Structures are given as structure tokens and as C-alpha cells.
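Right, one structure below, let's go through it.
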Amino acid sequence: MRVLISGAGIAGLALARQLALTGTDVTVIEKAPGPRESGYMIDFFGPGYDAAEAMGVLPRIRELGYRVEEVAYCDDAGRARARLSYERFGQAAGGRLVSIMRPDLECALREQLPARVDLRYGATITKVDAQPDVVTATLSDGTELSADLLVGCDGIHSAVRALVFGQESDWLRPLGFATAAYTFRDAAAHAAIRGRFCLTDTLHRSMGFYGLRDGRVAVFAVHRTEDRNRPDDPRRTLRSEYASLGWLAPRALAACPPGDEVYYDTVAQVVLPSWSRGRVALLGDAAAAVSLLAGQGASLAVAGAYVLAAELAEADSIPSALDAYERRLRPLVENRQETGRRGARWFAPRSRWQRWLRRAALTASALPFGDRLVASALAGKPSALVTELGGARGDTRDGTLPLRR
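Be aware that the sequence shown starts at 29, since it is given in my numbering, and climbs by one per residue.
Following this line, the structure appears as C-alpha cells:
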């Protein structure tokens, strides 16, 4: 079997690795000129954590991860007004959680790609011709590639989805926020964070800061807006939107890099009636983005790749594999999307009352059983997705698929 993957992000790399281990010929097309160096910190847990363990890549992910002591919401003087202990949150997740920069997670997956994977940077898919027995993709350089299956792993603004499933506005569900991320160097700011993830305890907008091991400070920002478009100058927009914030925010805004070096996007979910059409399928954010505020996009991308590869390895036909993949994964994704919609308002409260409720909830997390309640509210219901497929908790030693039948 030959599979063409659009996107060398988390979903695409995880799928390419798993498919190649079964002997599948895999080509990955990525529009970026090389591996991405910018990104934001993510909490990696849940079904993706289980899948990474079954795949054999978890040790490297943990090696590249960070130890975060707590999440602290700080006022304009830097005083913590509310806290969430990462240790207690991790215990509520069974100790199966690691904080890692998104580029580092991609690195862990890319390092373990089998040599047979053909990874091509600096190209995009501009046309898709899907026939009953073959799918042909035309690349931006005019090259035509034919495969048994094309999988769009190219993110929330998926080009494959637009070419095959229809325009983005049909499937994108904005949540009323925009987000941004970048890094800067500031020794005083780095020292002030001291192993914490610190956010401003503010209304309508918030900036978060965490120190990286190379001395940089990573910034995560979110603000309320109905504008879905990327501004012409993200740096100017950020300096305007967050000008009222105190503590570390003025230093971060002063050091903001040029707009083309800033990650900036609308916060949205993707809702599709089906994740496949014929010999074209979608995976990760391209299929069903849960939004950055739901916090489990990376986990679902790895878990989805694991499930899709397992179903393709076992099924009698590609259509039956795609049906089984969606049937198994969709209930979990829809639960995480619901969790994300329900919790989005707490990231940038509209009122002092909402902010007080957030502080009270985080204070309750320090009480007996309170951490489990907060973890459940943030993470959604537990899932045995990977164990149902026969792999988890170190069941595999070589990363091959542990099939269930």
C-alpha cells in the first residue's frame, strides 16, 4: 500500500511512523521549508500519552519535556492570586502527563521516522483527483503523486480539506478568541517565573509565560475577538490588545519579534459530518480541531494516528478501515470538543465574578478530591482507546502495532 500524507506536524509524523513500520510506502508533503522551531507549550496526556508509550516514543518525549511546578494566575505586581499544582493535576491524571514545547514533540516523532519515509519540505498539494481505486495529488511544483490513500494532516486550515470537502467556512466553528505565541530573551523575566507557568489574572485577555531551558521565555496570549483573520501586523495587534496588562507583559510586548515570526490564529473547532471521502481522509486538527483552549489537540493527533494506522493494518479494505477509525475515535473527539467549548470562558473571563469563580475552583483543587474534579473539568472523561486496540503501558518494545485480534 502507498499512502500520501499532507502535513509534517504531530499528526502527520505519528501516522507516517506507524504506517512505515507495517511496510507501507509513505510520502509526507510539508509546506514549510523545514522543521518548525517556533510554537507553544502543551500538556501531553490522555490517549496520546498511551499511544506514545505503545509506540515506544514516550521516553524521548519525557526527555524533551519540562517539569512545571504550578500554574499561577498573577496580578500586575506578580503576586499569585490563584494556583493549580501540576503535581496534583498530574496525580489526578495517573502521573501520565508531560509538559513539552510543540516543536520538541514534533522532533521526538521525526527522529524515529523509519528511513523508508519520503519527507518532502517546501511543497503543497494544489489539486486532488480521487478515483475509486487511486488518488492523485498535484504538488505546487507540478509533480503528480499517486497513492492508495491521501491523508490530510495539515492542521485547522487544511488545504486537503478545502480541496476535497469544501471551503473552510463550512466547517470552522470560531470560539470568539484569537491566540498568539512567540519567545524572547529576558533574564529577569526568566528568573521571575522560576519553573512555573504564569498567567495574568486579567479580564477579556491573558498572557502566559514560562521559562525554557535555553534561557528564553515563551509567551502564550489569548484575547476575545470576533475577527477570524490574521492581522497584517500581529506584533502591532498584540501591543495594542495587551497594552493594559502589567507585570511581565510590558517586557514581553517590547521584545515581541516581527509579525512573521509570531504564531497568530483564531481559536476554533472543526466540525465535519465525516472524516473521509473515498480515498481521502483527515486526521488531527484537519478533521476535528478541539481548539487550543481544550488543550488536547496534540494528544488526539497522536492517538488518532495510532488508531488509523492500526485499522489500516487490519482491515480488508481502505473504506472499512476509515469507517472503523472514525467510529472508534469520534466519540472521544466530540467529548473533548464539548469540554473545550464549556471551559473556554475561563481563559479570559468577561467579569470579575467569573474571575472569582476561577480563583475559587483552583483553590478547591488543593482540597481532598478537588484536584480530580478540576482535572475532570479540564480533561474530559477518561478513555481506554489505546488499550482497546491492544497496546498501552509499555506493551510494545519495538514500536510495532499491537493488534487486538
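Built from N, CA and C at the ideal position, the CB exists for glycine as well.
This one's a predicted model, so the numbers in the text were calculated from it and none came from an experiment.
**Message:** With three or more beta-carbon pairs closer than 8 angstroms as the criterion, would you say the stretch 55-73 touches the stretch 335-347?
**Reply:** no
**Item:** Those runs of the alpha helix (DSSP H) which lie wholly inside the stretch 129-189 and span at least 4 residues
**Value:** 130-139
**Prompt:** Beta carbon of A206, beta carbon of V295: below 8 angstroms?
**Reply:** Within the sequence shown, residue 206 is the residue found at index 178, counting from 1. Within the sequence shown, residue 295 is the residue found at index 267, counting from 1. Yes; because the gap between Cβ atoms is below 8 angstroms, this pair is in contact.
**Request:** Use the C-beta contact count for S197: other C-beta atoms within 10 angstroms, 16 or more gives buried, fewer gives exposed.
**Result:** Along the sequence shown, one-based indexing puts residue 197 at 169. Classification for S197: exposed.
**Message:** If contact is defined by three or more beta carbon pairs under 8 angstroms, each pair taking one atom from either stretch, is the stretch 66-83 in contact with the stretch 325-334?
**Reply:** Yes, the stretch 325-334 is in contact with the stretch 66-83.
**Request:** Take every Cβ of the stretch 271-281, pair it with every Cβ of the stretch 216-225, and state whether three or more of those distances are shorter than 8 angstroms.
**Result:** yes
**Prompt:** Out of T253, P87, G368 and D214, which has the shortest C-alpha to C-alpha gap to E269?
**Reply:** Here residue 269 is taken as the residue at index 241 of the sequence shown, counted from 1. Nearest of T253, P87, G368 and D214 to E269, Cα basis: T253.
**Alpha-carbon spacing of R148 relative to A352, whole angstroms** = Within the sequence shown, numbered from 1, the residue matching residue 148 stands at position 120. Within the sequence shown, numbered from 1, the residue matching residue 352 stands at position 324. Spanning the two alpha carbons is a distance of roughly 29 angstroms.
**Request:** Taking 8 angstroms as the threshold, find out whether the stretch 99-113 comes into contact with the stretch 156-176 through three or more Cβ pairs.
**Result:** The stretch 99-113 vs the stretch 156-176: no contact.
**Message:** Counting beta carbon pairs with one atom in the stretch 166-180 and one in the stretch 32-41, are three or more of them shorter than 8 angstroms?
**Reply:** yes
**Request:** Please confirm whether any heavy atom of the ligand GDP lies closer than 7 angstroms to the CB of L86.
**Result:** You won't find the ligand GDP in this model; it holds no ligand whatsoever.
**Asked** Are G67 and R130 closer than 8 angstroms when you measure CB to CB?
**Response** Against the sequence shown, residue 67 aligns to sequence position 39. Against the sequence shown, residue 130 aligns to sequence position 102. Result yes, Cβ atoms of G67 and R130 sit closer than 8 angstroms.
**Asked** Whose C-beta lies closer than 6 angstroms to the C-beta of R425 among residues of the same chain, with five residues either side of it excluded?
**Response** The count along the sequence shown starts at 1 and reaches residue 425 at position 397. Reliability of the predicted coordinates at R425 is poor, the pLDDT of 41 falling under 50, and no value is obtained from them.
**Message:** On the DSSP letters alone, give me the boundaries of the alpha helix (DSSP H) that G204 sits inside.
**Reply:** Within the sequence shown, the letter at position 176 stands for residue 204. Unbroken run through G204 is the beta strand (DSSP E), L200 to R213; no alpha helix (DSSP H).
**Asked** Closest to R144 by CA distance: which of R107, A48, G243 and T230 is it?
**Response** Position 116 of the sequence shown holds residue 144. Ranking the options by Cα distance to R144, first place goes to A48.
**Request:** Helix, strand or coil for L320, going by three-state DSSP, please let me know.
**Result:** Taking the sequence shown and counting its residues from 1, one reaches residue 320 at position 292. Three-state result, L320: coil.
**Endpoints, the beta strand (DSSP E) within which D71 is located** = One-based indexing of the sequence shown puts residue 71 at position 43. That run of the beta strand (DSSP E) goes M69 to F73.
**Message:** So, with DSSP's three-state summary, where would you put H218?
**Reply:** Against the sequence shown, residue 218 aligns to sequence position 190. In this structure, H218 counts as helix in the three-state DSSP scheme.
**Prompt:** How far does the beta strand (DSSP E) with R380 in it reach, from first residue to last?
**Reply:** Position 352 of the sequence shown holds residue 380. It is not in any beta strand (DSSP E) - R380 instead sits in the alpha helix (DSSP H) that spans R380 to A392.
**Asked** With a Cβ-Cβ cutoff of 8 angstroms, do A9 and V290 count as a contact?
**Response** Any question about residue 9 goes unanswered here, given that the chain covers just 29 to 433.
**Asked** Taking V96 as the reference, which of V85, G118, L86 and T152 has the closest Cα?
**Response** Locating residue 96 in the sequence shown gives position 68, counting from the first residue. Comparing Cα-Cα distances from V96 to each of V85, G118, L86 and T152, the minimum goes to G118.
**Asked** Could one say the Cβ of I184 lies closer than 8 angstroms to chain C's Cβ atoms, at least one of them?
**Response** Absent from the structure: chain C. Only one protein chain is present.
**Prompt:** So which of L300, H251, V245 and R90 has the shortest CA-CA distance to A283?
**Reply:** Taking the first residue of the sequence shown as 1, we reach residue 283 at position 255. A283 has its Cα closest to that of V245, out of L300, H251, V245 and R90.
**Asked** Can you list, in chain order, the residues of its chain whose CB lies under 8 angstroms from that of W199, leaving out five sequence neighbours each side?
**Response** On the sequence shown, residue 199 is found 171 positions in, with the first residue counted as 1. So the list reads R189, F193, V298, V299 and L300, once near-sequence residues are dropped.
**Request:** For P285, count neighbouring C-beta atoms within 10 Å of its own C-beta (all shown protein chains included) and say buried if the count is 16 or more, exposed if not.
**Result:** As a position in the sequence shown, residue 285 is number 257, starting the count at 1. Exposed, because fewer than 16 other Cβ atoms sit within 10 Å of the Cβ of P285.
**Request:** Run the CB neighbour count on G40, radius 10 Å, all protein chains shown included, and call it buried at 16 or more, exposed below.
**Result:** If you number the sequence shown from 1, residue 40 lands on position 12. So G40 counts as buried.
**Message:** Let's see if you can read the secondary structure: which residues bound the alpha helix (DSSP H) around V330?
**Reply:** One-based indexing of the sequence shown puts residue 330 at position 302. G325 to E342 is the extent of the alpha helix (DSSP H) around V330.
**Prompt:** Excluding the five sequence neighbours on either side, which residues of its own chain have a C-beta within less than 8 angstroms of the C-beta of R263, listed in chain order?
**Reply:** By 1-based counting over the sequence shown, the position of residue 263 is 235. These residues qualify, in order along the chain: C284, P285, P286, G287 and V290.
**Message:** Rounding to the nearest angstrom, what Cα-Cα distance links S113 and F248 in this structure?
**Reply:** Residue mapping note: residue 113 aligns to position 85 of the sequence shown, counting from 1. Residue mapping note: residue 248 aligns to position 220 of the sequence shown, counting from 1. Cα to Cα, the separation comes out at about 19 angstroms.
**Request:** Return the Cβ separation of T164 and S174 in integer angstroms, given the expectation that the two are a contact with Cβ distance under 8 angstroms.
**Result:** Counting from one through the sequence shown, the residue named residue 164 turns up at place 136. Counting from one through the sequence shown, the residue named residue 174 turns up at place 146. With a Cβ gap of about 5 angstroms, T164 and S174 count as contacting.
**Message:** I need the straight-line Cα distance from V126 to D71, nearest angstrom please.
**Reply:** For this step, residue 126 is matched to residue 98 along the sequence shown. For this step, residue 71 is matched to residue 43 along the sequence shown. Between V126 and D71, the C-alpha separation is close to 6 angstroms.
**Prompt:** Would you say S237 and L321 are within 8 angstroms of each other, going by their C-beta atoms?
**Reply:** Residue numbering aside, residue 237 sits at position 209 when the sequence shown is read from its first letter. Residue numbering aside, residue 321 sits at position 293 when the sequence shown is read from its first letter. It should be noted that the sequence gives Phe, not Ser, for residue 237. No, Cβ-Cβ distance for F237 and L321 is not below 8 angstroms.
**Message:** Here's a check: name, in chain order, each residue in its chain whose Cβ is nearer than 7 angstroms to the Cβ of E65, leaving out the five neighbours to either side.
**Reply:** Numbered from its first residue, the sequence shown carries residue 65 at position 37. The residues are P131.
**Prompt:** Three-state secondary structure (DSSP) at F397?
**Reply:** Numbered from its first residue, the sequence shown carries residue 397 at position 369. With a pLDDT of 45 at F397, under the threshold of 50, the modelled position of this residue cannot be trusted; read the value that follows with caution. Coil, per DSSP.
**Item:** Option in R386, P359 and L281 with minimal Cα separation from W303
**Value:** As a first step, residue 303 is located in the sequence shown; it is residue number 275 there, counting from the start. Nearest C-alpha to W303: P359.
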